[in-house]
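Trainee:
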Amino acid sequence: MTFEILYEDGKARVGKLYTEHGPVITPFFMPVASKGSVKAMEGADIDILGFESIISNSFILSLSPGIDVVEGAGGIHKFMHFKKNIFTDSGGFQVLSKDFLIKKTDEGALFKDQSGKKMIYTPEIAMKNQIRLGSDVAMTLDDVAHYGLSGKEYVDAIRRTHDWARRSIIAHKELKKEYDSKQLLFGIAQGGTREEYRRFSTHKINEMDFDGVALGGLVIGESRGELMGAIAESVKHFDDHKVRYLMGLGSPPDVVRAVGEGVDCFDSIYPTSNARHGSMLTRKGRFMIKKVAYKNDHGPIEEGCKCETCKNYSRAYLHHLLRTHELLGYKLATIHNLHFMNNLIHELRDAIKKGRYKEYAEDFLKDYFSGKEAKEFSNNVQQKYMEKLRKEQAKIFLDWKGE
RNA sequence: GCCUCCGUAGCUUAGUGGUAGAGUGAUCGGCUGUUAACCGAUUGGUCGUCGGUUCAAUCCCGACCGGGGGCG
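Last residue of the first sequence? That's 403 in my numbering, and every number before it is there in order.
1. Helix, strand or coil: how does DSSP classify G285 here?
2. Which residue from F87, M139, I76 puts its Cα closest to that of F28?
3. Hey, quick one: how far does the alpha helix (DSSP H) through G260 stretch, first residue to last?
4. At a cut of 8 angstroms, does the stretch 259–277 reach the stretch 228–243 through at least three beta carbon pairs?
5. Within the chosen definition, does the stretch 30–44 reach the stretch 332–349 through at least 3 CB pairs nearer than 8 angstroms?
6. So, is V137 buried or exposed, given that buried needs 16 or more other C-beta atoms within 10 angstroms?
7. Under the DSSP definition of a beta bridge, which residues are partnered with G187?
8. Three or more C-beta pairs under 8 angstroms: does that hold for the stretch 149–160 against the stretch 197–211?
9. Would you mind working out which of K176, M139, S150, Y147 sits nearest W164, comparing C-alpha positions?
10. Compare the beta carbon distance of D9 and Y357 with 8 angstroms and say whether it is the shorter of the two.
11. In whole angstroms, what separates the C-alpha of K16 from that of I231?
12. Can you have a look at G50 and say buried or exposed, based on whether 16 or more other CB atoms are within 10 angstroms of its CB?
13. Can the beta-carbon of P253 be found closer than 8 angstroms to that of F340?
14. Would you kindly check if the distance between the Cβ of L246 and the Cβ of L281 is under 8 angstroms?
15. Just tell me which of I158, H162, T105, I170 has its CA closest to the CA of M127.
16. Where Q183 and G75 are concerned, what is the direct C-alpha to C-alpha distance, given to the nearest angstrom?
17. From the DSSP output, read off the bridge partner residues of T19.
18. Use the C-beta contact count for I48: other C-beta atoms within 10 angstroms, 16 or more gives buried, fewer gives exposed.
19. By DSSP, does L246 sit in helix, in strand, or in coil?
20. Please classify G91 as buried or exposed, where buried requires at least 16 other C-beta atoms within 10 Å of its C-beta.
21. State the DSSP-derived secondary structure class of V263, mapped to helix, strand or coil.
22. Tell me the DSSP bridge mates of T88?
23. If distances are taken between C-alpha atoms only, which option among F287, K118, G43 comes closest to K78?
24. Check this for me: beta carbons of Y313 and G221, under 8 angstroms apart or not?
25. Using a Cβ-Cβ cut-off of 7 angstroms (strictly less than) and excluding sequence neighbours within five positions of N129, which residues of its own chain qualify?
26. Between T2, I289, N296, which lies nearest to E302 when the distance is taken from Cα to Cα?
27. Using a Cβ-Cβ cut-off of 8 angstroms (strictly less than) and excluding sequence neighbours within five positions of K11, which residues of its own chain qualify?
28. What first and last residue would you give for the beta strand (DSSP E) that runs through V24?
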């Protein structure tokens, strides 16, 4: 057994995922360490913050420093000095990146590196890289379709994802024997936000022999309603006893809602990226510490927060550090935001155990969107559309003025 | 005192005889399986002052003011 459910409250659940580096209680959130480092933090810092797993990226590590180097170091745990669980992503998400992708074929993704050097990245290569890195959980190579594309592109992505999933399982079984590895393998479902695609892909991935299942291709520009709909639809078609991983989701309110839908596991750059850019997470929403309003604010980032940053430093200090690009600023800000996420996860687990997830979520969401500084996040696509519209309008106005 | 170079956005500066761009700063916003200490928007200038030439001067000429360098 790789996963057991300990408590249930509605669709939400608390469980235990068994891995080589020790069991992990679900729900859990993973900070992202694509290049083998949670930016600005060392392994020990992440451990102290209480995270039991992080996720790195095998494709990005294969570019630099190369799989050989990490393998030679004795595996990714030793290389980056993190003693708990490490997931590795396959590189599937990088098919969305214009900087990497040349084209997709049935064989695999044709990628290029910084120098323009081409390489074919197949499911088999993705499996081998992840086994050699020695991560606890490997992800299959999947084919992610951009949000808002036509049906054909979604169908192609689903078809390839399923085909690559089957090939991944075969390759992974052999590699596990060859390398005497206990690595787990998670499959990823696609399908975007259309119900029938989502259902179909989830169903197929669920049928296959994976140690865990993931919801892929989400949080890439769809509206919050579409996102939540896709999550609810997916969860229905995954077996209850399988651990469910929603890839890429990480804003606090989204995590709270997704846990309520029965998702067990998350990863996102959200807290770390926002931290470095000066956006601090609090119960009353986010606020931007670099704003002039905090120049002379000698209180902690968040009143009552027990993180090392809030215990020892002021908003004014962080404001100063981040404005002057002092390296310590990135670390202190990251400590706070990651602490916030881990604390949130612990509270969610606690609420589920006590059968009061619903009340907890209601209170949390109310608070989060209540603060003067807080507001619902605008969604990407809508915002980009509005920006484009504004520019077009401005141009029309200028042309008209030029008459 | 003489010679010389230079004064353009808060700062560093580009530029042209048809009233000016950039970087940076400032203000605000965005980041959700990160090659991102990043990206975007906004703000910001009687082009040192006063005259002259010209249809038109930030640009050419003169004086003055301020600054750098050199010679005495």
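We put the CB at the ideal spot given by N, CA and C, even for glycine.
Mentor: Straight from the coordinates:
1. Counted from its first residue, the first sequence places residue 285 at position 285. Secondary structure at G285: strand, using DSSP grouped into helix, strand and coil.
2. Stepping through the first sequence from its first residue, residue 28 is reached at position 28. When only C-alpha atoms are compared, the closest one is F87.
3. Taking the first sequence and counting its residues from 1, the one referred to as residue 260 is at position 260. G260 -> alpha helix (DSSP H) spans 252–260.
4. Put simply, the stretch 259–277 touches the stretch 228–243. At least three CB pairs are less than 8 angstroms apart.
5. Touching, per the Cβ criterion.
6. The residue given as residue 137 occupies position 137 in the first sequence. Buried, by the Cβ-count rule.
7. Position 187 of the first sequence, counted from the first residue, corresponds to residue 187. By DSSP's assignment, G187 forms a beta bridge with V213.
8. Counting C-beta pairs with one atom in each stretch, the stretch 149–160 and the stretch 197–211 have three or more that are closer than 8 angstroms, which means they touch.
9. By 1-based counting over the first sequence, the position of residue 164 is 164. Here the closest residue by C-alpha is M139.
10. For the purposes of this step, residue 9 is taken as residue 9 along the first sequence, with counting starting at 1. For the purposes of this step, residue 357 is taken as residue 357 along the first sequence, with counting starting at 1. In contact: D9 and Y357 (Cβ atoms closer than 8 angstroms).
11. As a position in the first sequence, residue 16 is number 16, starting the count at 1. As a position in the first sequence, residue 231 is number 231, starting the count at 1. Their Cα atoms are separated by approximately 21 angstroms.
12. In the first sequence, counting from the first residue as 1, residue 50 sits at position 50. Looking at its Cβ environment, which holds fewer than 16 other Cβ atoms inside 10 Å, G50 is exposed.
13. By 1-based counting over the first sequence, the position of residue 253 is 253. By 1-based counting over the first sequence, the position of residue 340 is 340. Cβ distance not < 8 angstroms, so P253 and F340 don't count as in contact.
14. Within the first sequence, numbered from 1, the residue matching residue 281 stands at position 281. Within the first sequence, numbered from 1, the residue matching residue 246 stands at position 246. No, they are not a contact pair.
15. Stepping through the first sequence from its first residue, residue 127 is reached at position 127. Closest by alpha carbon: I170.
16. In the first sequence, the residue the question calls residue 183 occupies position 183. In the first sequence, the residue the question calls residue 75 occupies position 75. In a straight line, the C-alpha of Q183 is about 12 angstroms away from that of G75.
17. Sequence index remark: in the first sequence, residue 19 carries index 19 (1-based). Per DSSP, T19 has no beta-bridge partner at all.
18. Stepping through the first sequence from its first residue, residue 48 is reached at position 48. An exposed status is given to I48, since fewer than 16 other beta-carbon atoms sit within 10 Å of its beta-carbon.
19. Counting from one through the first sequence, the residue named residue 246 turns up at place 246. The answer is strand: DSSP assigns L246 an E or B state.
20. Here the question's residue 91 lines up with position 91 in the first sequence. Classification of G91: buried, given that the 10 Å Cβ count is 16 or more.
21. Walking along the first sequence from the start, residue 263 turns up at place 263. Three-state DSSP puts V263 in coil, outside helix and strand.
22. Within the first sequence, the letter at position 88 stands for residue 88. For T88, which the question treats as bridged, DSSP gives the partners S56, A138.
23. Stepping through the first sequence from its first residue, residue 78 is reached at position 78. The residue with the shortest Cα to Cα distance from K78 is G43.
24. Within the first sequence, the letter at position 313 stands for residue 313. Within the first sequence, the letter at position 221 stands for residue 221. Contact: no.
25. Reading the first sequence from its first residue, position 129 is the one you call residue 129. Excluding sequence neighbours, N129 sits near S58, S62, I67.
26. Looking up residue 302 in the first sequence gives position 302. With respect to the C-alpha of E302, the residue from T2, I289, N296 having the closest C-alpha is I289.
27. Taking the first sequence and counting its residues from 1, the one referred to as residue 11 is at position 11. Close CB contacts of K11 within its chain, under the 8 angstroms cut and outside five residues either way in sequence, are with V235, G260, E261, G262 (chain order).
28. Reading the first sequence from its first residue, position 24 is the one you call residue 24. Judged by DSSP secondary structure, V24 falls within the beta strand (DSSP E) whose first and last residues are 24–26.
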